[in-house]
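Numbering (this note's numbering), first residue to last: 11 to 397.
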Amino acid sequence: MPEDSYMLNYFQYLSKYLSVGPPVYFVVTDGYNYSDQNSQNRICASHGCDEDSMMVQLKWMADRSNRTYIALRPVSWLDTYFEYMHSPSCCFHMNNTHCPAESRRKECQSCSLPRSQRPLGDVFNKNLRNFLQEIPSQTCSKGGRAQFGSAVELKYSDKGASVGATNFMTYHTILKTSKDFYEALRWSRKISGWLTEKIQTNSSSNVRVFPYSIVHPFFEQYLTMWPNTSTPIFHFSHLYCDISFSWPGFLFSIHRCNNNSKDFGVGISVEFCSHLTHSFAISPEPTRVKRAQSALQKMGSSILSGITLTDCGILVLAFAKSQIFQIFYFRMYVGIIAFGTLHSLIFLPVLLSLIGPPVNKQKMYDHIHLQDIASQSRISQANDASM
Numbered sequence: 011m012p013e014d015s016y017m018l019n020y021f022q023y024l025s026k027y028l029s030v031g032p033p034v035y036f037v038v039t040d041g042y043n044y045s046d047q048n049s050q051n052r053i054c055a056s057h058g059c060d061e062d063s064m065m066v067q068l069k070w071m072a073d074r075s076n077r078t079y080i081a082l083r084p085v086s087w088l089d090t091y092f093e094y095m096h097s098p099s100c101c102f103h104m105n106n107t108h109c110p111a112e113s114r115r116k117e118c119q120s121c122s123l124p125r126s127q128r129p130l131g132d133v134f135n136k137n138l139r140n141f142l143q144e145i146p147s148q149t150c151s152k153g154g155r156a157q158f159g160s161a162v163e164l165k166y167s168d169k170g171a172s173v174g175a176t177n178f179m180t181y182h183t184i185l186k187t188s189k190d191f192y193e194a195l196r197w198s199r200k201i202s203g204w205l206t207e208k209i210q211t212n213s214s215s216n217v218r219v220f221p222y223s224i225v226h227p228f229f230e231q232y233l234t235m236w237p238n239t240s241t242p243i244f245h246f247s248h249l250y251c252d253i254s255f256s257w258p259g260f261l262f263s264i265h266r267c268n269n270n271s272k273d274f275g276v277g278i279s280v281e282f283c284s285h286l287t288h289s290f291a292i293s294p295e296p297t298r299v300k301r302a303q304s305a306l307q308k309m310g311s312s313i314l315s316g317i318t319l320t321d322c323g324i325l326v327l328a329f330a331k332s333q334i335f336q337i338f339y340f341r342m343y344v345g346i347i348a349f350g351t352l353h354s355l356i357f358l359p360v361l362l363s364l365i366g367p368p369v370n371k372q373k374m375y376d377h378i379h380l381q382d383i384a385s386q387s388r389i390s391q392a393n394d395a396s397m
């Protein structure tokens, strides 16, 4: 993003003045039988529901918002539907047609239930559509169209209406940093796993609960970032750790953008290390220290001039106004080049002089043999030219 972009001020003010977290939905997949009383008890939070029902667990999570990032207990459409059916001023119908409570006719008949009775079976499915069509008003404040109109999927068939997938909405706490966002996603998934286990207990249903928020897709990659950055080879991981954890004020902190360039770091580390290691392996010197000195004398200048200085062409990106070029292309690549140079010219020779492999006589013989062939070829070409 350019340094003079108005979006920078927007994000700064968002972080400074934000007082409401993003909404999060706990979605129950299709296949759950809401018209069965035992199934209702696993979800609802009103009288007669399970002590560890889905809504009770979400309330428990909201009470520990500093850890779970759940700010409020969700408003359950199922409990609100029970209140709608128990209210004498809400549910009315005429000839199986819904009568709005605010403008009902005298001919409309009440379909409310006593408080000791719940809507079950066909009564549940039949009146649920009326509940979702009812607009909240002074006469009936429990109408579900405004708040739950899109929270319940109604499926129609020859047998009538039934409930498909549903969601229960709540809010995250205030999320300002990247860590807040991906930890909120992590906790949402943990909570969904617990809720799925609760719903499937003593039930033949295979439904599951999963979380969704509009911000989740952007931070899902952070949950797998650290495993993806591991590198099994010591030299590559050493170079990568140097780049990732050094100069925190000048370079960057690890996250997904610079993680995408780890392949570049691994590739160029091969370029920095392989020539010096090969020269060390074919050196005829008697000791590791002498072989490391010989390899550094032969290949040090080539590494410095051929790799380090060649890659310094990216210095022009230091003057770019876009932060993505400044951080992820200039600073990161300069760090790779700088630490790669120090690694190959300082750390690697010392390491080889201490624990380097012994002389590979076959490689040394092949190298000397190829040199002899090349020199004989040049001598013969010079003799032919002189004749």
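We treat Cβ as the ideally placed atom computed from N, Cα and C, and that holds for glycine.
With DSSP as the reference, please indicate the residues paired to residue i in a beta bridge.
i: Gly170; result: Ser167
i: Asn177; result: Val37
i: Ser332; result: Pro12
i: Thr211; result: Thr211 pairs with nothing; no bridge assigned.
i: Val219; result: Val38
i: Ile80; result: His182
i: Gln22; result: None, per the DSSP bridge assignment.
i: Phe349; result: Answer is none; Phe349 lacks a bridge partner.
i: Phe92; result: According to DSSP, which records beta bridges pairwise, Phe92 is partnered with nothing at all.
i: Phe102; result: Ser120
i: Thr149; result: BP columns for Thr149 are empty, so no partner.
i: Thr206; result: Paired residue(s): none; Thr206 is not in a bridge.
i: Thr107; result: Met104
i: Val162; result: Thr176
Got a sec? Which residues, its chain only, sit under 6 Å from residue i by beta carbon, not counting five neighbours each side?
i: Glu400; result: Outside the shown range of the chain, which is 11 to 397, sits residue 400, and nothing can be said about it.
i: Val299; result: Ser363
i: Leu327; result: Phe335, Tyr339, Phe340
i: Gly153; result: Glu144, Ile145, Pro146
i: Cys118; result: Phe102, Met104, Cys109
i: Tyr343; result: Ile324
i: Leu28; result: Ile184
Between residue i and the rest of its own chain, which residues show a CB-CB distance below 8 Å, the 5 nearest in sequence each way excluded?
i: Arg115; result: Met104, Cys109
i: Arg266; result: Confidence is the limiting factor: at Arg266 the pLDDT is only 49, short of 50, which leaves the residue's position unreliable, though a coordinate-based value still follows. Once the five neighbours on either side are set aside, the close Cβ partners of Arg266 are Gln231, Tyr232, Met235.
i: Asp62; result: Lys208
i: Glu193; result: Tyr79
i: Thr39; result: Ala175, Val217, Arg218, Val219, Phe220
i: Gly170; result: Asp132, Asn135, Lys136
i: Pro258; result: Because the pLDDT at Pro258 is just 42, under 50, the model does not fix this residue reliably, and the value given afterwards should be weighed accordingly. Correct list: empty, nothing qualifies.
i: Pro124; result: His96
i: Asp14; result: Lys331
i: Phe329; result: none
i: Cys322; result: Ile347
Anyone know if the C-beta pair for residue i and residue j falls short of 9 Å?
i: Thr287; j: Leu362; result: yes
i: Arg83; j: Ile209; result: no
i: Ser86; j: Met65; result: yes
i: Thr351; j: Ile313; result: yes
i: Ser122; j: Met95; result: yes
i: Ser223; j: Pro12; result: no
i: Ser304; j: Ser315; result: no
i: Leu355; j: Leu306; result: yes
i: Gly58; j: Arg128; result: yes
i: Ser167; j: Asn43; result: no
i: Gly366; j: Phe290; result: yes
i: Lys186; j: Leu24; result: yes
i: Leu398; j: Gln67; result: Nothing in the structure corresponds to residue 398, since the chain is present only between 11 and 397.
i: Cys283; j: His226; result: no
i: Pro359; j: Ala302; result: yes
i: Asn177; j: Ala156; result: no
i: Ala81; j: Lys69; result: no
Near residue i, which residues of its chain fall below 7 Å by C-beta distance, leaving aside the five closest residues on each side in sequence?
i: Ser172; result: Asn135, Lys165
i: Ser99; result: Ala111, Thr149, Cys150
i: Thr318; result: Ile347, Thr351
i: Gln47; result: Arg128, Leu130
i: Ser45; result: Leu130, Gly131, Phe134, Asn135
i: Cys101; result: Tyr94, Met95, Ser120, Cys121, Ser122, Asn137, Asn140
i: Lys308; result: Ser289
i: Ser311; result: none
Under 8 Å: does the beta carbon of residue i sit that close to some heavy atom of the ligand COA?
i: Gly316; result: For the structure depicted, the ligand COA is absent and the ligand set is empty, with no information on it obtainable.
Is the number of C-beta pairs between the region 31-41 and the region 173-181 that are closer than 8 Å three or more?
yes
When the Cβ atoms of the region 122-142 are set against those of the region 99-112, are three or more pairs found closer than 8 Å?
yes
Please confirm if the region 86-98 is in contact with the region 195-211, defined as three or more CB-CB distances below 8 Å between the two stretches.
no
Every unbroken alpha helix (DSSP H) inside the region 291-342 [4 residues or more]
298-312
Which ranges would you report for the alpha helix (DSSP H) in the region 35-74 if only whole runs of at least 4 residues count?
47-51, 64-72
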